[in-house]
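Accompanying notes for the structure given below.
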Amino acid sequence: MQTQTIRTSPELQKEGLAVGKRIQFVAWVIIGMTVTVGTFASQSLLEGDWSFWIDWKDRRYFPILGVISYMLMLVSVQAACWIKARLPVGMTLCAVGINLWQWFERYVNWWGWFGYPMNELFPETVIPCAIAADCVLLLSRKLLLTYLFGAYAFALTFYPANWVMIAPFHQPIEALGQTLSLADYIGFSYVRSAIPEYLRMIESGTLRTFEGGALGPAIFFSGVVGIFIYAIFWWIGDQCTRNRWVKKI
Amino acid sequence: MANERAATVGAIDLSAIAEQIPKKEYFNNWRFYIYCILISLFYGACMLYQRAFAITKGIDYTSQDFQTYWMNLFWGITIMNVIIWTLTWGWIWYVYRDRHLEQLSPAEELKRWYSNWLLTLGVYAWCLVWAVFFVEQDGVWHSSMIRDTEFTPSHIFNFYLSWPIFINFGVAGLMLTRTRLPVMGKKWLLPLVMEVAWPIMFIPLIGENEWGHSAWILEEWFAAPLHWTFVPFAWAAVWFLGNGFDMFPRIAAVLKATYFGENCMSAAEAMENPEEATNPVHTLPGM
Chain X
24 MQTQTIRTSP
34 ELQKEGLAVG
44 KRIQFVAWVI
54 IGMTVTVGTF
64 ASQSLLEGDW
74 SFWIDWKDRR
84 YFPILGVISY
94 MLMLVSVQAA
104 CWIKARLPVG
114 MTLCAVGINL
124 WQWFERYVNW
134 WGWFGYPMNE
144 LFPETVIPCA
154 IAADCVLLLS
164 RKLLLTYLFG
174 AYAFALTFYP
184 ANWVMIAPFH
194 QPIEALGQTL
204 SLADYIGFSY
214 VRSAIPEYLR
224 MIESGTLRTF
234 EGGALGPAIF
244 FSGVVGIFIY
254 AIFWWIGDQC
264 TRNRWVKKI
Chain D
391 MANERAATVG
401 AIDLSAIAEQ
411 IPKKEYFNNW
421 RFYIYCILIS
431 LFYGACMLYQ
441 RAFAITKGID
451 YTSQDFQTYW
461 MNLFWGITIM
471 NVIIWTLTWG
481 WIWYVYRDRH
491 LEQLSPAEEL
501 KRWYSNWLLT
511 LGVYAWCLVW
521 AVFFVEQDGV
531 WHSSMIRDTE
541 FTPSHIFNFY
551 LSWPIFINFG
561 VAGLMLTRTR
571 LPVMGKKWLL
581 PLVMEVAWPI
591 MFIPLIGENE
601 WGHSAWILEE
611 WFAAPLHWTF
621 VPFAWAAVWF
631 LGNGFDMFPR
641 IAAVLKATYF
651 GENCMSAAEA
661 MENPEEATNP
671 VHTLPGM
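Residue numbers (my numbering), protein chains in the order written: chain X, 24 to 272; chain D, 391 to 677.
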């Protein structure tokens, strides 16, 4: 170790603290931006139409795809923040960031450019889910318990957290002699390339024989999937942030 | 005054040391904000152009209007990309490079951490934000329009402009860290390398994506497996987080050496042993 024996004045130390704060501030802004848009890109390309449209927020696929698509990156960020800095708020901050970005871009792009109404394309939220998972991590401080209960808490919270927003659009209405939901009616009114496949994929299979009862199994199934996703992406978050140096690339 | 900035120094020349210590004004974040504003003005103009001429001139590839308004723009952008890449990367690698990194003082290193690492990666991040913005515009476009060609208007600002630009700044940030900062002088930090290299895969994947779209109209189902190939490359944000967490200890060490007179590894030692130079244990209180 080389020793630098420079003794500095109190004024200089004060200046050093100010410089440190400035560097930290802009560094966290940059990291926050990157993690937010990275999470958004991952979620958007994975969940896609289920996130974009109110008539896709169904009882069978939405609870599962919603949980998976968000959990991937949120868990990695949570792992990085916890392992490297013991910050138990990584997942929640990331969830808040992505939610703000989603509202911004849906106003500017989807409503601003092509005029789809916000009632049709408001994003779901995972902030309560992230708070629940962060709390399990903070209180237990055990990875195994966080896998089991944190992931399950995230998944089980997802649909109830969004139900307040979605419920009004699941009311039945009669239009053109047909009984359909308000969400479906909005979907038919604003024609998109995403309608035909939606009808084929969602309104098929055993959903009708369950009389809408597929929601419960879907939520609990998302919890099972979530546990595995949690474990895998915690590991990825850990690996990606390790201090590794290589001589050649 | 220089003498007021450093009180007492043992055997080292006082005025020389005081001159080296950067004033806090150097770390004025307004530089970063101004870069972001300039980039936003440029991309804002691109967005307005897209909204003005995408529907009116960009629906039919075979029309003369499409060639005038969109293909000419595409070729202009492509040539601009090649020129900017060559100039930026060539200048950093061959001209701006510091060939005596082992002699760097902590004060100078701190300035470089701010300008060459933090702000460059900040601009990279801001360009990434805009690139994701244009990705979303592409989603809106394809939810409303039937695909024409791979040069459909939303792709020109998305695939061929905003992505190459953020890649340009990413590679520039990597090169600057390699050529201007001692810790990367002889070894590469894997999270930083991957943070830049991983999203470059978006560009080759355009080939896979467009090839798939030539066979199917998969916009009917946006979250199709054809789009899932892009997803893992968005996880590069976690590498970005790793880059930050791994480099912070060295920044803290040179900052404390500069302003608080604490010990830190010299530049020559950091070059030889970056693992130790970035070990957070050296920046913990009392260490």
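Glycine included, every Cβ here is placed at the ideal spot set by N, Cα and C.
Would you kindly report the start and end of the unbroken alpha helix (DSSP H) that includes residue i?
| i | result |
| --- | --- |
| THR180 (chain X) | 174-189 |
| GLU197 (chain X) | Not the alpha helix (DSSP H): GLU197 (chain X) falls in the beta strand (DSSP E), residues 195-198. |
| LEU631 (chain D) | 626-650 |
| TYR433 (chain D) | 420-447 |
Determine the DSSP secondary structure at residue i, reduced to helix, strand or coil.
| i | result |
| --- | --- |
| THR539 (chain D) | coil |
| TRP606 (chain D) | coil |
| TRP134 (chain X) | helix |
| TRP611 (chain D) | coil |
| TRP479 (chain D) | helix |
| TRP578 (chain D) | strand |
| LEU268 (chain X) | The question names Leu, but residue 268 (chain X) in the sequence shown is Trp. If DSSP states are grouped into helix, strand and coil, TRP268 (chain X) belongs with the strands. |
| LEU95 (chain X) | helix |
| ASP81 (chain X) | coil |
| TYR139 (chain X) | coil |
| HIS490 (chain D) | coil |
| SER534 (chain D) | helix |
| VAL621 (chain D) | helix |
| ILE124 (chain X) | The question names Ile, yet the displayed sequence has Trp at residue 124 (chain X). Here TRP124 (chain X) sits in helix by DSSP. |
| LYS44 (chain X) | helix |
| ASN653 (chain D) | coil |
| GLU498 (chain D) | helix |
Apart from the five residues on each side of it in sequence, which residues of its chain come closer than 6 Å, Cβ to Cβ, to residue i?
| i | result |
| --- | --- |
| SER99 (chain X) | PHE256, ILE259 and GLY260 |
| GLU652 (chain D) | LYS646 |
| ARG640 (chain D) | VAL573, ALA667 and THR668 |
| VAL269 (chain X) | none |
| PHE66 (chain X) | The displayed chain sequence assigns Gln, not Phe, to residue 66 (chain X). The residues are SER92 and TYR93. |
| ALA103 (chain X) | GLY260 and THR264 |
| ILE189 (chain X) | LYS80 |
Please tell me whether residue i has its Cβ less than 8 Å away from any Cβ of chain D.
| i | result |
| --- | --- |
| ILE252 (chain X) | no |
| TRP268 (chain X) | yes |
| GLU197 (chain X) | no |
| GLN25 (chain X) | Residue placement at GLN25 (chain X) cannot be trusted, given a pLDDT of 43 that sits under 50; what the coordinates show is reported in the next sentence. So, interface residue. |
| MET94 (chain X) | no |
| LEU212 (chain X) | Looking at the sequence itself, residue 212 (chain X) is Ser, so the reference to Leu does not match. No, SER212 (chain X) does not count as interfacial toward chain D. |
| TRP258 (chain X) | no |
| GLY43 (chain X) | yes |
| GLN101 (chain X) | no |
| ALA108 (chain X) | yes |
| PHE177 (chain X) | no |
Taking Cβ positions only, does residue i come closer than 8 Å to chain X?
| i | result |
| --- | --- |
| LYS501 (chain D) | no |
| HIS603 (chain D) | no |
| PRO581 (chain D) | yes |
| TYR550 (chain D) | no |
| GLU526 (chain D) | yes |
| TYR441 (chain D) | Note on residue identity: the sequence assigns Arg, not Tyr, to residue 441 (chain D). For ARG441 (chain D), the answer is yes, since a Cβ of chain X falls inside 8 Å of its Cβ. |
| PHE417 (chain D) | yes |
| ALA396 (chain D) | Because ALA396 (chain D) sits at a pLDDT of 44, beneath the cut-off of 50, its placement in the model cannot be relied upon, and the following sentence gives the value as read from the coordinates. Yes, ALA396 (chain D) counts as interfacial toward chain X. |
| LYS447 (chain D) | no |
| ALA435 (chain D) | no |
Hey, quick one: how far does the beta strand (DSSP E) through residue i stretch, first residue to last?
| i | result |
| --- | --- |
| SER204 (chain X) | 201-204 |
Keeping to the same chain, check which residues put their C-beta closer than 7 Å to that of residue i; ignore five residues upstream and five downstream.
| i | result |
| --- | --- |
| GLU498 (chain D) | GLN410 |
| ALA118 (chain X) | LEU97, VAL149, ILE150 and ALA153 |
| ILE272 (chain X) | none |
| THR539 (chain D) | TYR451 |
| PHE620 (chain D) | PHE592 and LEU595 |
| LEU564 (chain D) | LEU582, VAL583 and VAL586 |
| ALA108 (chain X) | none |
Which residues in the same chain as residue i place their Cβ atom closer than 8 Å to its Cβ, once the five residues preceding and following it in sequence are excluded?
| i | result |
| --- | --- |
| TYR649 (chain D) | ILE411 |
| ILE424 (chain D) | none |
Item to complete: Take every Cβ of the segment 38-52 of chain X, pair it with every Cβ of the segment 63-83 of chain X, and state whether three or more of those distances are shorter than 8 Å.
Response: no
Worksheet item: Pairing CB atoms from the segment 133-143 of chain X with CB atoms from the segment 152-165 of chain X, are three or more of them under 8 Å?
Response: no
Practice prompt. Evaluate contact between the segment 71-80 of chain X and the segment 198-208 of chain X, counting only Cβ atoms and requiring at least three cross-stretch pairs below 8 Å.
Written response: yes
Worksheet item: Using 8 Å as the Cβ pair cut-off and three pairs as the minimum, do the segment 584-594 of chain D and the segment 549-565 of chain D touch?
Response: yes
Item to complete: Count the C-beta pairs between the segment 474-484 of chain D and the segment 529-541 of chain D that are closer than 8 Å, then say yes if the count reaches three, no if not.
Response: Put simply, the segment 474-484 of chain D does not touch the segment 529-541 of chain D. Fewer than three CB pairs are less than 8 Å apart.
Practice prompt. Report yes or no: do three or more beta-carbon pairs, one from the segment 458-468 of chain D and one from the segment 613-620 of chain D, lie closer than 8 Å?
Written response: no
Fill in: Segment contact flag, the segment 125-132 of chain X with the segment 157-174 of chain X, C-beta cutoff 8 Å, min 3 pairs
In this structure the segment 125-132 of chain X does not touch the segment 157-174 of chain X; the number of beta carbon pairs closer than 8 Å is below three.
Worksheet item: Should the segment 35-43 of chain X be regarded as contacting the segment 60-73 of chain X, the criterion being three or more beta carbon pairs within less than 8 Å?
Response: No, because fewer than three Cβ pairs between the segment 35-43 of chain X and the segment 60-73 of chain X fall closer than 8 Å, the two stretches do not touch.
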